[in-house]
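Asker: Pasting a structure below so you can have a look.
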Amino acid sequence: MTTRQKKRRRPRQQQGISTSQILIVVGVAVLAIGLLVILNSRPQSAAVSSLAYETGVTPEGEPYKGSPDAPLQLVEYSDFLCGHCGNFADTLNALGPDYIETGKLQVIYRNFAFLAPESVQAAQAAECALDQGADKFWQYHDLLFANRGTGMGAYSKPKLKAYAQQIGLDTTTFDACLDSGAKAGEVQADLDEGKSQGVEATPTWFLNGQIIRGALPESDLRQLFDSLLSQGS
Amino acid sequence: MRESASYPVPAIDWRRWLMGLLALAGVGVSGYLTWAHLANQSVACGQSHDCDIVQQSVYSEIGGIPVALLGLVAYVALLVLVLLKGRVPEELDVYVPLAVFGISLMGVLYSAYLTYLELYVIYAICRWCVSSAIIITAIFLLSLLDLRAGADPS
C-alpha cells in the first residue's frame, strides 16, 4: 500500500459515526429513560381500606389482627421507613382473606424503629393511633406504608397528623400525643425488646416462636403457613 | 497533508483503560447494591441508614426489577464494549464508541433522576448511588472524547 493510499484510508475509517446517528442515539436514550422514569414514579395508593378482620391489643399492649386463638401466630418487628416491611405488610394483607379472616393466623405488630429519626416519629404516631383503637392502628399502619417514600419527609409531623385526620382519628388527642413525645418510651422499649430477641434488621418475624429474617413472597408464605397448618400446629 | 493535520491519530489507549477501570468499579458498586437489595441485607453506610432508606424506597425497583440490577447490566455491557474495542471487525468496531456513548448517556440521565429523588423526594443520600453517578458521568465524558475522535468529519 502506498503512502498516498494510506492517507486516503484514514478518513474513511473515521467516517463511521455521523451526526444524525449520534442524534438518533440521544433520542433513543432520552425516550428510554423517560419511560423508566414514568414507570418508576407510580402513584401511591393512599386509600383507606375498611378492615374485615378481628383486631385488638395483646396483654403486653401490642396491636394484633386475627383471632388470638389462631393456630399460627406471627409477631412482626417492622420499621415504617423500610421498603421490605411495606412489601411484607402488603403480602400479609393479600393473605388476609385466606388466613386472618378465617381464624388461621394472628399477626402482632411490634415497632423496630431503627432506620432514621422519621422511623421513630412514625412509630410513635402509630402508637398514638393505637390509643384510639386497634382497628385505627391497622388503618394507620396501612396508610403509613402506602405513603412511604412519597415525598420529602413522608413521616414529618404535619404529614403524620394529616394521615391521622384522613382515617378519622380524634386529631386533638392524636396531635397532643405526638407532640408530647408520650410514646417515646414505648417505641424505645419495643426496639430494646427486639434486640434482646435477636432482631437486627427489618422485617424480622417470629412464626409460632421461630425467628425468620426478611420478607417472603406471597407464594412462599402461603406454602409455609399451609405446611404448619397441616402439621396441626 | 491537510487530512492528517485535521484528523490526528488519537491516543485512545488511556481512555480505554480508564473507561474499563471505571466500568469495573461500576460493576462492583451496582453488584454490591443488587446483592444487598435481593438478599435484604443492610448496606454499609457508616453510621447512617440513608443507604437502606434509598435502597428500600418504592423507587428502588421498576416493575419488580431492582434499579441496582439495571445499573449492573449497564456497567457489564460497558465493560464488554470497552474490551471489545479493536477486537471486532472494523465495520462494527466503529460503532462501539456510539454504543458506549448511548448506554452511558442513559446512565447519566437516570442517575440525575435518582439524585433528584434522593435530594427532594426520599430525603436521604446513598453514598453508593452517588459513587455510581460519578462513575457513569466520568464514563460518559470519556465517551464524548471517543465519539469526537471517531466522528464523521463531514
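Which chain is which? The protein sequence lines are A and B, in order. The numbering of the first sequence is this note's numbering, which starts it at 94 and goes up by one. The numbering of the second sequence is this note's numbering, which starts it at 20 and goes up by one. Every residue gets a Cβ at the ideal spot worked out from N, C-alpha and C, and that includes glycine. Predicted, not measured: the structure shown is a model, and the values here were computed from it.
Run through chain A and tell me which residues come within less than 8 Å of residue 125 of chain B, C-beta to C-beta.
Answerer: Neighbours of residue 125 of chain B in chain A, taken as residues at a C-beta separation under 8 Å, are given in chain order as 122, 125, 126.
Asker: Quick one: does the C-beta of residue 201 of chain A sit closer than 7 Å to a heavy atom of the ligand COA?
Answerer: Of ligands this structure carries none, so the ligand COA is not represented either.
Asker: Residues of the stretch 163 to 191 of chain A in Cβ contact with chain B at a cutoff of 7 Å, in chain order, please.
Answerer: Listed in sequence order: 174, 175, 176, 177.
Asker: Let me know if residue 86 of chain B comes out buried or exposed under the rule of 16 or more other beta-carbons within 10 Å of its beta-carbon.
Answerer: buried
Asker: What does the alpha-carbon distance come out to for the pair residue 226 of chain A and residue 55 of chain B?
Answerer: The straight-line gap from Cα to Cα measures roughly 37 Å.
Asker: So, for residue 177 of chain B: in the same chain, excluding its five sequence neighbours on each side, which residues have a beta-carbon less than 6 Å away from its beta-carbon?
Answerer: Because chain B in this structure spans residues 20 to 173, residue 177 of chain B falls outside the shown range and cannot be described.
Asker: Write down every uninterrupted run of the alpha helix (DSSP H) in the stretch 68 to 122 of chain B whose length is 4 residues or greater and which is fully enclosed by it, in chain order.
Answerer: 69 to 74, 86 to 103, 109 to 112
Asker: For a quick check, are the C-beta atoms of residue 97 of chain B and residue 123 of chain B less than 8 Å apart?
Answerer: The answer is yes: Cβ separation under 8 Å.
Asker: In whole angstroms, what is the alpha-carbon distance linking residue 156 of chain A and residue 280 of chain A?
Answerer: 13 Å
Asker: Quick one: which residues of the stretch 37 to 66 of chain B get their C-beta closer than 7 Å to a C-beta of chain A? List them in chain order.
Answerer: 59, 61
Asker: Determine whether the beta carbon atoms of residue 125 of chain B and residue 145 of chain A lie at a separation below 8 Å.
Answerer: no
Asker: Just the chain B side, please: which residues come within less than 7 Å of residue 154 of chain A by C-beta, in chain order?
Answerer: What residue 154 of chain A touches in chain B: nothing, since even the nearest Cβ is about 27 Å away.
Asker: Taking the alpha carbon of residue 196 of chain A as the point to measure from, which residue in A/162, A/114, A/204, A/293 has its own alpha carbon closest?
Answerer: Check the Cα spacing between residue 196 of chain A and each of A/162, A/114, A/204, A/293: the tightest is with A/162.
Asker: Residue 133 of chain A touches chain B at which residues, Cβ-Cβ below 7 Å?
Answerer: 78, 81
Asker: Name, please, each residue of chain A whose Cβ falls closer than 7 Å to the Cβ of residue 155 of chain B.
Answerer: Correct list: empty, because the minimum Cβ distance to chain A is about 12 Å.
Asker: Taking any Cβ of chain B, which residues in the stretch 299 to 310 of chain A have a Cβ under 9 Å from it, in chain order?
Answerer: Of all residues in the stretch 299 to 310 of chain A, those with a C-beta nearer than 9 Å to a C-beta of chain B are 306, 307, 308, reading in chain order.
Asker: How would you call residue 165 of chain B, buried or exposed, if buried means at least 16 neighbouring beta carbons within 10 angstroms?
Answerer: buried
Asker: Just mark residue 45 of chain B as buried or exposed, buried being the case when its beta carbon has 16 or more other beta carbons within 10 Å.
Answerer: buried
Asker: Have a look at residue 330 of chain A and residue 170 of chain A and give me their C-alpha separation to the nearest angstrom.
Answerer: The structure shown has nothing for residue 330 of chain A, since chain A only spans 94 to 326.
Asker: Does the Cβ of residue 298 of chain A have 16 or more other Cβ atoms within 10 Å, making it buried, or fewer, making it exposed?
Answerer: buried
Asker: Strictly by DSSP, which residues pair up with residue 200 of chain A?
Answerer: Beta-bridge pairing links residue 200 of chain A to A/158, A/167.
Asker: For residue 324 of chain A, decide whether its Cβ has a neighbour in chain B, counting only Cβ atoms nearer than 8 Å.
Answerer: So no, residue 324 of chain A is outside the interface.
Asker: Exposed or buried, which one is residue 193 of chain A when buried takes at least 16 other CB atoms within 10 Å?
Answerer: buried
Asker: Return the first residue and the last residue of the beta strand (DSSP E) that residue 305 of chain A is part of.
Answerer: Taken as a continuous stretch (DSSP letters only), the beta strand (DSSP E) holding residue 305 of chain A covers 303 to 306.
Asker: Are at least three pairs of beta-carbons, each pair with one atom in the stretch 97 to 106 of chain B and one in the stretch 196 to 213 of chain A, less than 8 Å apart?
Answerer: no
Asker: Is residue 144 of chain B close to chain A? Criterion is C-beta to C-beta, closer than 8 Å.
Answerer: no
Asker: For residue 110 of chain A, would you say it is in contact with chain B, using Cβ-to-Cβ distances shorter than 8 Å as the test?
Answerer: Interface residue, yes.
Asker: Per DSSP, what are the beta-bridge partners of residue 299 of chain A in this structure?
Answerer: A/168, A/304
Asker: Mind checking the stretch 201 to 225 of chain A against chain B and listing, in chain order, the residues whose C-beta falls within less than 9 Å of any C-beta there?
Answerer: 207, 208, 209, 211, 212
Asker: Work out the CA separation of residue 116 of chain B and residue 230 of chain A for me, nearest whole Å.
Answerer: 57 Å
Asker: So, using beta-carbon positions, are residue 173 of chain A and residue 238 of chain A closer together than 8 Å?
Answerer: yes
Asker: Could you have a look at residue 150 of chain A and say whether DSSP puts it in helix, strand or coil?
Answerer: strand
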